[in-house]
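The sequence shown begins at 1 in the working numbering and counts up one residue at a time. Using N, Cα and C, we set each Cβ at its ideal position, and we do this for glycine too. What follows is a short report on a single structure.
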Amino acid sequence: MKISEAIRIVRPEYVFLRLKPNNSIRNNNTHKIARSIASLYRNVTQNIRREEARIGLTYTINSKVAYFVYIEKQKVEFYFVIPKQHTSVLREKISDCWKSITIEEVSELPQFNGSVTKYQLTYAKEDGLSLRTDRRDNDLLQSTLNIIDVLEEGDRVGVFYNFIPTSQFSWRNAYSDTIEKVKNNVPVDRNKLDTWYLFKITISMLSSIVGTVTAAVVGPKKGESSNTVGLFEQALERLNGGRKISESTHRKANATVLNTQVLVLSQSSDSVRQRNNARSLAQSFDTITDDNRLVYRPYRGQLRYTDYSIRGAAINKMGDEECQNLIALAGRDVLERYNFIEKVETQETEVPEDLRAGTLRIGVNRYRGHEQAAYLSDDREYKNLTLVLIGPTRAGKSTLIGNLSRDAIGAGECVIIFDFIGSCQLSSEVSALFPPEKTLTIDCGDPKTMQGLGYNEVGVSADPFQQYDNAKKQTTQLLTLINSVNSDDTRLSAKMERYLTSASLAVFIQGGSIRDVFTVLTDYKARRRFIDAVPESQKENLSEYIASLDELDEYREVKIKEGKTTRTEPEVYGTKDHLITGVIDRLNKLKANTYMEMMLKRSTSGNINMAEELQQNQLICFKMPETMFGTDSERDVYTTYWMTKLWLALQIRESRVGDRNKLRKVNLVIDELYQVENTQKFLSDKLSRLAKFGLKPIISCHYINQIQYIRTELRSANASYMLISGCDKKNYDELKDELHPFELEDLLRLPRYHSLNLIKSKEGYSRFITKLPGPV
């Protein structure tokens with residue numbers, strides 16, 4: 001068997017990771033990355049293993065990790081070179097130390113040509129003495145990046161840190177030897193052949209000789225205190241830098257050490273500037289000088305990023321806290337100073353697991369370099385909760401609504417769009433996404449297809465109790481509609497409401513229309529006709545209401561001759577209009593709009609049955625173009641009517657289907673709800689109950705304060721929010737506590753067509769950013 005077959009050698013493969021910082025970067029924990037690198041060390045025995053699949057042994061060569069800072073005039077990039085087999089562990093540690101950064105794998109690192117100037121950085125003194133290790137500062141990186149101010153176009157520089165895991169076995173002894181030398185005033189210079197070191201060692205030897213001779217002549221105690229010996233000691237102490245050691249050096253005794261190589265690279269079209277840039281960059285390491293310092297020397301070897309050890313470059317045993325100085329990313333101050341550095345504009349948080357799959361897509365989230373699809377919750381209890389879309393004009397709300405509608409129809413759900421803005425472009429755009437058979441358009445502005453004003457969904461029942469209940473339901477919705485027809489924000493008086501209720505019940509119990517209700521109130525003949533037509537089975541239920549209607553009759557005395565005598569009897573000849581003035585005023589306002597008046601006159605026999613249509617997998621568009629209305633209040637009344645009709649249809653559907661699980665989910669889209677005040681108030685009253693009837697409201701607005709009447713109710717209804725790029729400070733302030741840890745700056749820096757989301761999930765509220773789905 002060949003040796004190559006008996007012992008298989010496995011060489012490490014390396015991957016290159018580019019790190020994109022953000023404003024929340026802190027470098028005070030990067031010593032943990034250094035410790036993780038040190039933990040990769042394996043001795044010879046640990047690297048040898050026997051493979052069951054083949055005869056022989058496998059020897060795995062140790063791997064290293066490198067950190068590279070690359071700088072141009074308008075570019076700064078940060079890279080890690082890590083062994084492929086340890087990628088997951090090191091990526092996790094990097095992400096733990098630097099929250100919310102983006103890590104992406106690249107195929108190669110920036111390259112320098114053969115004429116590049118290179119300097120190596122080496123300790124001035126022995127490894128036991130430490131550089132400055134203040135975990136609170138970021139001085140080295142800031143000093144390094146100062147080179148940007150002197151770079152010209154085309155200049156390129158870089159700092160390459162090569163971290164080689166090593167055994168910790170002999171470190172403590174080496175450290176103790178160095179400290180002992182310092183205490184004994186023995187030079188600890190690293191370069192033993194340097195002239196300055198030879199001078200100091202000579203002084204040390206002379207001091208020792210003089211001390212020995214003096215002690216032999218005058219005695220030990222007098223010898224130690226002689227002036228000559230004292231002068232030598234003082235001079236040597238000054239040359240060595242003193243006998244005291246810093247706190248950083250004290251801590252290095254128990255540090256995890258790494259064999260570290262540091263190289264500075266510089267390339268420029270001007271050889272003088274190339275050399276000066278390299279020296280300037282090398283001198284930036286003076287900012288971390290303490291008991292020890294890094295000095296630079298030319299390096300003429302070849303740098304290959306994946307070499308385990310850079311051949312010919314000095315190796316420094318650095319503690320993990322010293323390495324923290326080297327492993328640093330640009331934080332807020334640096335990013336604000338050099339705004340061209342590519343960075344993560346906003347914080348990144350992970351999408352919870354239950355929102356990574358579902359029906360309604362809200363975009364793609366990017367977390368630590370990986371993309372995750374994000375959906376609204378499909379949880380049985382949460383899927384019908386309200387969604388609020390907040391964003392300025394042209395922010396992408398219409399496209400998002402189109403995508404949500406497409407997803408919902410594709411999942412077998414129903415979508416309703418209340419469109420009363422402009423020429424109804426929203427509903428036209430969304431309906432264009434579906435075939436005709438999947439779309440039901442109710443064009444309210446078309447006289448040919450106009451619906452009659454009424455609540456035909458309740459139908460007529462042979463069961464007296466059911467029919468009475470149906471009449472009650474219609475009456476409730478009509479009261480809501482009539483109370484919305486006012487300019488002074490007041491309701492009908494209790495007495496007028498009683499008359500309207502009585503007339504409604506008398507008409508609806510017989511299957512009449514809303515037009516008939518007003519006729520009963522104003523026409524005494526019609527009133528008597530409907531009262532007399534009340535079925536015997538309902539007279540007991542309506543007795544109180546019939547009595548109220550009788551109060552509206554206006555009587556006069558009529559003389560009746562019977563033979564020679566004349567007597568007077570009361571006769572109904574009209575209606576006491578003053579008792580129903582408020583109702584009549586509202587009726588006149590209702591009829592002020594041409595379309596509403598035509599609907600009032602039209603029969604409901606040709607109306608669609610909303611309760612049945614809600615159970616269909618389709619898009620229902622209510623088109624109410626602005627040209628239909630002379631005033632905003634007219635539009636408000638019109639939309640309120642359709643909302644009351646929808647609410648009644650939901651109740652009827654639920655009573656007919658019975659099983660909540662069989663209710664088809666309905667998504668109700670209302671764009672710019674703030675424009676219809678009474679509709680908003682009605683929706684607010686019902687918001688917490690809509691989910692029970694299988695309806696999910698999707699409300700869009702420019703900012704939350706616009707929907708002032710429903711805003712408070714949204715919180716108690718567990719609503720979700722999507723703040724689309726372009727939202728201002730007021731929107732953030734409204735949800736500030738809930739959006740933590742995201743800050744106002746994150747919202748203001750959102751890229752176009754991105755959204756900061758506050759979504760209800762199984763874990764509570766989840767906060768993350770998504771790129772919205774593109775146009776269909």
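Residue i versus the options, residue with shortest Cα-Cα distance
i: Phe340; options: Arg135, Ile148, Met596, Tyr119; result: Ile148
i: Phe420; options: Leu17, Thr117, Glu350, Arg635; result: Arg635
i: Thr568; options: Gly574, Asp577, Arg556; result: Arg556
i: Pro625; options: Ile362, Cys444, Met598, Asp577; result: Cys444
i: Lys472; options: Tyr595, Pro447, Thr501, Lys589; result: Thr501
i: Val520; options: Lys495, Arg498, Asp354, Leu549; result: Leu549
i: Ile48; options: Lys448, Asn27, Arg11, Thr679; result: Arg11
i: Val106; options: Glu92, Val81, Tyr41, Ser95; result: Val81
i: Tyr79; options: Ser633, Gln85, Tyr70; result: Tyr70
i: Tyr41; options: Thr122, Asn62, Lys696; result: Asn62
i: Leu360; options: Glu342, Thr386, Arg366; result: Thr386
i: Ile7; options: Asp577, Leu505, Leu57; result: Leu57
i: Asp523; options: Asn259, Gly574, Thr679; result: Gly574
i: Lys252; options: Glu540, Phe682, Asn173; result: Asn173
i: Ser461; options: Gly454, Tyr455, Asn470, Thr346; result: Asn470
i: Ser246; options: Arg279, Ile179, Ser269, Asp307; result: Ile179
i: Leu735; options: Leu758, Asp378, Arg135, Ala717; result: Leu758
i: Leu433; options: Arg91, Asp585, Asp407; result: Asp407
i: Asp333; options: Gly606, Ile409, Asn146, Gln261; result: Asn146
DSSP bridge partner residues for residue i (one or two, in chain order)
i: Ser766; result: Ile759
i: His754; result: Lys771
i: Gly158; result: Tyr70, Leu265
i: Tyr375; result: Arg361
i: Gln120; result: Leu263, Arg297
i: Thr568; result: Lys559
i: Tyr14; result: Pro83
i: Cys727; result: BP columns for Cys727 are empty, so no partner.
i: Gly574; result: Glu554
i: Pro165; result: Leu258
i: Ile9; result: Tyr59
i: Met722; result: Leu389, Asn757
i: Asp189; result: Lys125
i: Asn22; result: Val344
Segment limits, alpha helix (DSSP H) that includes residue i
i: Leu270; result: Here the sequence assigns Asp to residue 270, which means Leu is not the residue at that position. Here Asp270 belongs to no alpha helix (DSSP H), and DSSP marks it neither H nor E.
i: Leu549; result: 536-550
i: Asp781; result: Any question about residue 781 goes unanswered here, given that the chain covers just 1 to 776.
i: Val520; result: 514-522
i: Val182; result: 171-183
i: Asn678; result: 677-690
i: Arg711; result: 708-716
i: Arg251; result: 247-252
i: Val507; result: 494-508
i: Leu748; result: 744-748
Limits of the beta strand (DSSP E) - the one that residue i falls within
i: Lys559; result: 553-562
i: Gly700; result: Here residue 700 turns out to be Ser, not Gly, going by the sequence shown. Unbroken beta strand (DSSP E) run through Ser700: 695-701.
i: Ile670; result: 666-671
Inter-residue CB distance, residue i and residue j (contact presumed, cutoff 8 Å)
i: Glu554; j: Val572; result: 7 Å
i: Leu400; j: Leu772; result: 5 Å
i: Arg293; j: Leu131; result: 7 Å
i: Leu141; j: Asp291; result: Not quite, the Cβ-Cβ distance comes to about 22 Å (not below 8 Å), so this is no contact.
i: Ile362; j: Met722; result: 6 Å
i: Leu750; j: Thr346; result: 6 Å
i: Ile310; j: Leu376; result: The Cβ separation is near 53 Å, so there is no contact.
i: Tyr468; j: Gln538; result: 6 Å
i: Thr30; j: Ile327; result: 4 Å
i: Pro747; j: Ile707; result: Reading off the sequence, residue 747 comes out as Leu, not Pro. Not quite, the Cβ-Cβ distance comes to about 19 Å (not below 8 Å), so this is no contact.
i: Met599; j: Gln451; result: 6 Å
Any non-hydrogen atom of the ligand ZN closer than 7 Å to residue i Cβ
i: Glu713; result: No copy of the ligand ZN occurs in the structure displayed, which carries no ligand at all.
Quick check for students: name the residue ranges of the beta strand (DSSP E) that lie wholly in the segment 284-370, counting only runs of 3 or more. Counting only runs of 3 or more, we get 294-298, 316-319, 361-367.
Would you list, in sequence order, the uninterrupted alpha helix (DSSP H) runs of no fewer than 4 residues that lie entirely inside the segment 36-110? 44-47, 87-97
Entirely within the segment 409-490 and at least 3 residues each: give me those beta strand (DSSP E) ranges in chain order. You should have 414-419, 439-443.
Every unbroken beta strand (DSSP E) inside the segment 598-657 [3 residues or more]: 619-623
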